[in-house]
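Just below is one structure, and these are the notes that go with it.
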Amino acid sequence: MIKIALIVLTLLHGLIHLMGGLNELGIAKIEGVARTLYPLSPTVKMGLGVIWLIALALFLGAAYGLITNKAWWQPVIVAAVAVSQILIILWWPDAKFGTIANILIVALMFLYKRR
């Protein structure tokens with residue numbers, strides 16, 4: 005049950021990062037994911053849009069590793085959460101609730117490891 009919850013949450017949180025990436029790259033205009041704590045130039049925001057997509061890839065990779073019982077899924081999920089949290093801090097006004105998802109992912113990871 006913990007494994008399923010971790011997989012689902014990881015995939016859903018990764019898909020939210022897709023929204024951030026598409027928005028910052030100008031591929032889609034998504035309301036509610038545009039306000040940042042600090043003013044960022046369009047060039048910097050575009051570069052960070054790529055990092056949103058890197059976070060997506062890390063979350064998807066971690067979910068794949070977990071589903072297929074690969075030993076490397078844990079460091080990948082930790083990297084995904086770290087990248088995610090940096091982005092969340094930069095986009096805090098609109099993305100702050102992503103912190104809850106990151107905390108849940110880490111908690112579920114530790115619970116899954118303990119069983």
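So that you can map any letter, position 18 of the sequence shown is 22 in the numbering used here, and since no number is skipped, the others follow by simple counting. By construction, the Cβ of each residue, glycine as well, lies at the ideal position given by its N, Cα and C atoms. From a predicted model like this one, the values you see are computed outputs, not experimental measurements.
- Per DSSP, reduced to three states, the secondary structure at Lys117 is helical.
- When the beta-carbon positions are compared, Thr103 and Ile90 stay at least 7 Å from each other.
- Looking only at Ile20, Ile6, Asn27, the smallest Cα-Cα distance to Ala84 is reached by Ile20.
- Of the candidates Ser88, Pro43, Leu64, Leu115, Ser88 places its Cα closest to the Cα of Phe101.
- Here the alpha carbon of Leu52 sits roughly 7 Å from the alpha carbon of Glu28.
- Linking Ala67 to Val110 through their CA atoms gives a straight-line distance of about 13 Å.
- DSSP places Pro46 in the helix class (H, G or I) of the three-state scheme.
- Ile34 sits close to Met23, with the two beta carbons spaced by under 7 Å.
- Residues of the same chain with a CB within less than 6 Å of the CB of Trp95, apart from the 5 flanking positions on each side, are Thr40 in chain order.
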